[in-house]
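Heads up, the sequence shown is in the working numbering, so the first residue is 27 and it goes up one at a time. Down below is the structure, laid out as structure tokens.
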Amino acid sequence: MVNTTAWNRLRYSIYAPMYDLVATKAFRKPRRSALSQVDWEPRMRVLLVGAGTGLDLPYLPRELEIHLTDLTPAMVTRARERAEHAQRDVVCRVMDAAALDYPDEHFDVVVMHLILAVMPNPEQGLAEAHRVLKNDGQLCVMDKFQPDTHIAGPSRRALNVITSLIATDITRQATPLLQQAGFNIRRDEPVLMNGLFRALLAIK
């Protein structure tokens, strides 16, 4: 299997210096839209999983306890620098989304932006998100997904061999993934490229 945790750590270490140039402007509006779906309250404890260089931070309310994780040390270093520059108190840690080092029912909100289509086992990532969320906790997802109405055809699966190697899986379906992990989807909105990218809010 080409898409492995080790491969993702390596390639995102390479991508880290140029990641912001590619991702900042392109995903500014989708990030804002996705995070605006969350019912925020002061002093919530929030986990950003696979947060990269911390590009979600500008769109989060100030009165939160924020924890940020990413698989790649180079990404976490840049996220920590971004938080310090913005004078945000953020706990930044290198961590695999498939094995979160947090106790059960620890967070009010988990944010997973542009990670479910990247990680080799999104089912395990969602299981971990479900585990660390409190009952009635909110999961905020923004990513690219195959439409729920039909599975990927042969041409898309063939293209996916290339896209999953260099960037992302383009065959995954949001609703089955979230429902199988035990989440109830409350909101589901297209945010980019005619619905290829969607923002979903789900409740544990």
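Ideal placement from N, C-alpha and C gives every residue a C-beta, glycine not left out.
Boundaries of the beta strand (DSSP E) around glutamine 164: 159-170. One Cα belongs to proline 202, the other to leucine 142, and the distance between them is close to 12 Å.
A residue is called buried when at least 16 other Cβ atoms come within 10 angstroms of its Cβ; leucine 36 does not meet this threshold and is exposed. A direct Cα-to-Cα measurement between valine 102 and alanine 153 gives close to 23 Å.
The region 42-57 and the region 112-127 do not touch, with fewer than 3 CB-CB distances between them shorter than 8 Å. DSSP, read as helix, strand or coil, puts glutamate 91 in strand. When only Cα atoms are considered, alanine 155 and alanine 184 end up about 30 Å apart. When DSSP states are grouped into helix, strand and coil, glutamate 149 belongs to the helix group. In the DSSP assignment, glutamate 107 falls within the unbroken alpha helix (DSSP H) covering 99-111. In the three-state reduction of the DSSP assignment, histidine 139 falls in the strand class. The shortest C-alpha to C-alpha distance from leucine 97 to any of Asp82, Ala60, Asp134, Gly78 is the one to Gly78. Leucine 226 and asparagine 161 have their C-alpha atoms roughly 18 Å apart. The beta carbon of asparagine 210 is closer than 7 Å to those of Ala228, Ile229 in its chain, skipping five residues each way along the sequence.
Arginine 213 and leucine 191 have their C-alpha atoms spaced approximately 30 Å apart.
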